[in-house]
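Residue numbers (our numbering), protein chains in the order written: chain A, 8 to 549; chain B, 1458 to 1752; chain C, 118 to 380; chain D, 7 to 358.
Here it is in structure tokens:
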């Protein structure tokens, strides 16, 4: 290799790494350009410059990141074997000062107040710690400031926050206003669009804003429009915590929502709770979620859905031999128990009761199919990821074995499952928080109209699911009133009033009741049209 | 386990194992000719499947030509790998080449993740009704019958190719005595390209059959699903015998599916992977020349 | 009491009898030569002595102790040093590093202590370094200490290797064709060096050598192997004039031997 | 280094000092100014460096390739998580146990490596990694199955920033051990064994023992890395430790430059940070016209292989070799490119 090219190589080798670090130091794209192409020595000088700039960093220079987050004492929830993350101090660095961190997050937002730690307003705005489990705390002045991260331990305050480009007038009322400005409410959603749950990302992206656009045209929520930040949790709990963290600490969302996936929802809900961020999700397991003060289920939990399904087996299917197949995760133990108990009570004969791994191999699913076939089950009470369900059904059918599949669920009732699984899945039946497309025009004509309007073309059921969830959230935000804070939001939910959307079931909560949905829809696969049809709306049993 | 389950496991094992056998064939061919452990072998297959899917489902080309296009893609990738990576590192240690081909595989996977969606895709079986045939009281789908037939046909063709055609004989020659072959006036380089191309073709077929069998595919599914069993199969065959590799594939397949369906392993998660690992280690430590390879 | 005794050692590889009933003895302070045409089993004998091969039959005694069952590194620990026909060095490393590597057993601290950087180890390393430089001094390698071995000329490599072996602090030095690639006068010079080294490190030496003059110059006793069997033994002149030996050399080196005999 | 070279003047030393200070600043001060999420990423970089050094011992010093290193790391992670959240042990006990278990499992693999060498051993490690991922890490009673196992940050280091400094400390310790290892008999023995076991043996090195030692040390480092990783995410799930990760580990080590401490550290840090910075530079993924957006999760595995192939075919010495002039300059030497083009550094196994 020639000396010249080796020089280039040096620039590549040494400078790139240094330059990238510089990017962090100065948080400016422009710093990277020159440094990258520079020979190492100049790069070194840049580094020196960067170092200097950084020395000022903690002080909160506009260039470098601002607030130092000191330790927060691990709350009871976080420190235990809770699956939640330790409440690492505060809600992250200034999104405003460190522009590149997240350009979109220029919107002013206030830090959360920790119950005990008084939050001192810095010159530029606010500092605050992560809220304790109750999530209550004194207000911090200046919605326009970036949330400082205040220490839990000893309650030392972080440095002053850097001013954000979009200043918002200080609000009179007490409360945590993160993610809320005059014009906007930022909410975070996480869902699996990669991994073991096959959600086409395109469908997700298309659907996520439809309702909010529709609402915006009708004046929004007290003049505020809702902005949705979306993250893919890859069907992986650890990943879910990471993305929820990003949404809370970098994007500064007002509330978090989980679309599907019990493990991801549980993990993220626990994190949200440790940060005092209200967290809503479709109903999954109760185990591990009960007792989280910031958690609310927008639809029936798996356990709540059990009696409905059992009564259906007994009174509608008139079958007796059932098998229970569930994903092999501790969170579903309670569901398995409740199904077993109720089924036995109803005189059903449980011929097989098995759990399969989330990442079960084809051959494992095949042998499970065999076992089911030999067990002679007429009904399979199923609670697995769609992928496992489809593979299981396909293998079973290849064995000329086609039982009735039914179960609780959010994702298994989606048309993509029918598309991929038919004819193998037969007339599979799943409960769902939202109805299918066949009845939506009757229940809520606005959906298709709006979808048509903002995306063009007919809306799909994923969009419908998002529409329904958004509608519930919208109603809740509305109920929280004009002075929207995390506290007023939670208060509104706990007030015990009904939230009715005509898409999602009616739901109401109280201080103690967090699984407040009253009913569910029963969907059935129709393999001629390769779609799911709604066979019972807002059902509470059969 | 019941006789039925056993028969079932064996039948399935034979079919999946034959797939492993195809991968193993490619691995052995390449190893014989250039001493490379080709970790990209599996990905050649995945690429073929992705191409097939795109051309067939998206652009709407009918199945048969689409399959051809898919195979072309895998062959092209194999040739590219040989040109761009293997030749450049010809005098490098073999482990370097191994790492390099692993790099190629990862690159392919990442592109699949990026350009195709990261999720698993399901495909409809090429044939309609699924459960017409029955082997030893085991329902076997037309799809699987088709696969079995295809595999046997391919095996026979390869057998003929290597025993009858000059090219085939030349390949065997080059793998035994490169220099001698060169003297015989056969260009080792050209042969090397040809062998890689052939490996790509085999991988392509293997990938399509595997996807057809599982009725689904995702990024890197061949690498994660078939590469290790394929290598194990090749090792069973002593890394130098083509029939050995194919038989080895069947052995691995059956062992795997027995492990999965036998109640003895129920306690262990992922019994298939454990079985393959154990098989590999045992063979390598106790009988490095392979069960069927000559000492 | 002899330093090395090879008693009736035999070994066969497949069909080839590489050594049969080979006997070699080397008394203290002796320099013993092992000669014989190529493929006579000389290096095989060395491998049996140093432990790379386990003989099918026979014993190897070192300083009166039976070492037949011991591994190579164990024999090194007892004081066997050996050079290779094709230079046994860590090619990727520098001369200095090679001289240090060779002092593995002299380090005086455990590998664990070394990697934890326990206090004692630093001093020990300084000691080893000093010794390495001293050896380099003796063999005139000081300038080359920091050059990578890979690039060096063959003759120099041989010297470095010799230094490395000496670094293991051996009592018995087994040299496999130490002068290969040297001209006659270089070889002669080497002979002188060897005698010095023996004095300095009080060594017993067994060397495989083709340079008959060198053998005559330094060896106290000579063994001649052919087809894995002992053909003749005795003082250099005796063996050299042995008709059997000459016949064995006929073809490849006979004429060479003869004219040297007459010179 | 060659003894006779003129020392730089005060100005020269000042410049060198400035650069070092700047680098130190980057590592020590910068994160202090960033938010938790970013500090979390920096911490991961430090941990990856530990893992890289672990792999370097096998790949670089002993020439034993490990394609199952995600298992080494994962075992450490799950051990630590188990100790803390199931056995109720303190953080430190978890770390120690993770190192012990990591070392033991590596020892077992090492024993296999004595019989199965080169390419075939690479296969074994590959199968081992997959086996761990598919089976071992799914044993619910140990790992919490697909739900994973929580591993809260230790008391006193509960903020990301403090934990970051803790991880830096561990990294420093690992670097120290690695440095001393290669400056003493152990390291020299390993290099000799890698290049020529016969020569090593004649030098008195017990080849078997030292090969095993290398595995154990690598395993201990990997175990430590895993434990730190678990506590950094405060949560550990099997999905993390897949084949891709193993390849990323290999790539970051090779690209960093085998047998080059600084290079490996830089390479590892780079690959754990690249996705994040990529996200900063083109926020929300790279928009290639005509193609899909490239999400940051995939960046390392997209550019990784490219860099790998580039390194293997063009600069076998990796980053480490390319920055030698800089290092030499910092040590007070002259800035020359004399050895940036040597091709002697290789991913090699003498027995392959």
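Positions of the beta carbon are idealized from the N, C-alpha and C atoms, including for glycine.
Everything numeric in this text was worked out from a predicted model, so none of it was measured.
CB-CB length for residue i against residue j, believed under 8 Å
i                      : j                      : result
residue 313 of chain A : residue 331 of chain A : About 11 Å separates the two Cβ atoms, so there is no contact after all.
residue 262 of chain C : residue 212 of chain C : 5 Å
residue 513 of chain A : residue 505 of chain A : 5 Å
residue 209 of chain D : residue 200 of chain C : Not a contact, Cβ separation roughly 12 Å.
residue 198 of chain D : residue 63 of chain D  : 15 Å between Cβ atoms; not a contact.
Cβ pair residue i, residue j closer than 8 Å
i                       : j                       : result
residue 1580 of chain B : residue 1481 of chain B : no
residue 561 of chain A  : residue 363 of chain A  : What is shown of chain A runs 8 to 549, which leaves residue 561 of chain A out entirely.
residue 384 of chain A  : residue 323 of chain A  : no
residue 172 of chain C  : residue 143 of chain C  : no
residue 260 of chain A  : residue 254 of chain A  : yes
residue 245 of chain A  : residue 248 of chain D  : no
residue 550 of chain A  : residue 241 of chain A  : Chain A is shown from 8 up to 549; residue 550 of chain A falls before or after that span and cannot be answered.
residue 93 of chain D   : residue 177 of chain D  : no
residue 165 of chain C  : residue 322 of chain C  : no
residue 1693 of chain B : residue 1711 of chain B : no
residue 329 of chain D  : residue 267 of chain D  : no
Residues that residue i contacts on chain C, provided the C-beta gap is smaller than 9 Å
i                      : result
residue 55 of chain D  : Simply none; closest approach about 18 Å.
residue 183 of chain D : 232, 233 and 234
Interface partners of residue i on chain A, CB under 9 Å
i                       : result
residue 1567 of chain B : Within 9 Å Cβ-Cβ: nothing; residue 1567 of chain B doesn't reach chain A, min ~13 Å.
residue 146 of chain D  : 335, 336 and 337
Partners in chain A for residue i, counting only beta-carbon separations shorter than 7 Å
i                      : result
residue 153 of chain D : 244, 270, 336, 337 and 338
Partners in chain D for residue i, counting only beta-carbon separations shorter than 9 Å
i                      : result
residue 194 of chain C : 210
Interface partners of residue i on chain D, CB under 7 Å
i                       : result
residue 365 of chain A  : 152
residue 1701 of chain B : Those do not exist, as residue 1701 of chain B stays about 16 Å from chain D at its closest Cβ, beyond 7 Å.
residue 189 of chain C  : 207 and 208
Per-residue contacts from residue i into chain B (C-beta, under 9 Å)
i                      : result
residue 395 of chain A : Simply none; closest approach about 11 Å.
Contacts of residue i in chain A (Cβ-Cβ under 8 Å)
i                       : result
residue 1671 of chain B : 369 and 398
residue 1713 of chain B : 370
Neighbour list for residue i in chain D, Cβ cutoff strictly below 8 Å
i                      : result
residue 297 of chain C : Correct list: empty, because the minimum Cβ distance to chain D is about 18 Å.
Sufficient close CB pairs (3 or more, under 8 Å) joining the segment 213 to 230 of chain D to the segment 109 to 123 of chain D: By the Cβ test, the segment 213 to 230 of chain D is in contact with the segment 109 to 123 of chain D, since at least three Cβ pairs between them sit closer than 8 Å.
Under 7 Å (Cβ pairs) to chain C, residues found in the segment 209 to 221 of chain D: So the list reads 209, 210, 211, 212 and 219, given in the order they occur along the chain.
Contact list for the segment 330 to 343 of chain A against chain D, Cβ threshold 9 Å: For the segment 330 to 343 of chain A, the beta-carbon criterion of a distance under 9 Å to any beta-carbon of chain D is satisfied by 334, 335, 336, 337 and 338.
Contact the segment 1524 to 1543 of chain B vs the segment 1493 to 1510 of chain B: 3+ CB pairs below 8 Å: Enough Cβ pairs lie closer than 8 Å, so yes.
Three-pair Cβ contact test at 8 Å for the segment 331 to 338 of chain C versus the segment 290 to 305 of chain C: Yes, they touch.
Residues of the segment 218 to 232 of chain C whose Cβ lies closer than 7 Å to any Cβ of chain D, in chain order: Closer than 7 Å at the C-beta level to chain D, one finds these residues of the segment 218 to 232 of chain C: 218, 219, 221, 222, 224, 228, 231 and 232.
Three or more C-beta pairs below 8 Å linking the segment 1710 to 1728 of chain B and the segment 1537 to 1551 of chain B: At 8 Å Cβ cutoff, the stretches do not touch.
Inter-stretch contact (C-beta, 8 Å, three-pair minimum) for the segment 247 to 265 of chain D and the segment 55 to 69 of chain D: Enough Cβ pairs lie closer than 8 Å, so yes.
The segment 135 to 154 of chain D contacting the segment 1725 to 1735 of chain B, beta-carbon criterion three pairs below 8 Å: Contact between the segment 135 to 154 of chain D and the segment 1725 to 1735 of chain B is present: 3 or more CB-CB pairs across the two stretches fall below 8 Å.
contact_flag[the segment 123 to 141 of chain C, the segment 151 to 170 of chain D] where n(CB pairs < 8 Å) is 3 or more: Taking a cut-off of 8 Å for Cβ pairs, the segment 123 to 141 of chain C and the segment 151 to 170 of chain D do not touch, as fewer than three such pairs fall below it.
Meets three-Cβ-pair contact criterion under 8 Å: the segment 153 to 162 of chain C and the segment 190 to 208 of chain D: No, the segment 153 to 162 of chain C does not touch the segment 190 to 208 of chain D.
Residues in the segment 1725 to 1744 of chain B having any Cβ partner in chain A nearer than 9 Å: If you check each beta-carbon in the segment 1725 to 1744 of chain B against every beta-carbon of chain A, the ones closer than 9 Å belong to 1726, 1727, 1728, 1729 and 1730.
Residues, ordered as in the chain, of the segment 55 to 86 of chain D that lie near chain C by beta-carbon distance below 9 Å: Answer set for the segment 55 to 86 of chain D: empty.
Cβ pair count under 8 Å reaching 3, the segment 354 to 362 of chain A against the segment 374 to 383 of chain A: Yes, the segment 354 to 362 of chain A is in contact with the segment 374 to 383 of chain A.
The segment 183 to 190 of chain C in contact with the segment 253 to 269 of chain C per 3-pair CB rule at 8 Å: By the Cβ test, the segment 183 to 190 of chain C is not in contact with the segment 253 to 269 of chain C, since fewer than three Cβ pairs between them sit closer than 8 Å.
contact_flag[the segment 531 to 544 of chain A, the segment 1678 to 1689 of chain B] where n(CB pairs < 8 Å) is 3 or more: As far as the Cβ criterion goes, the segment 531 to 544 of chain A does not touch the segment 1678 to 1689 of chain B, which means the pair count is below three.
Short-range partners of chain E found in the segment 1678 to 1690 of chain B, where Cβ spacing is below 9 Å: Given the protein chain composition of this structure (A, B, C and D), no chain E is represented.
Chain D contacts made by the segment 268 to 279 of chain C, where a contact means CB separation under 8 Å: So the list is empty, because no residue satisfies the distance condition.
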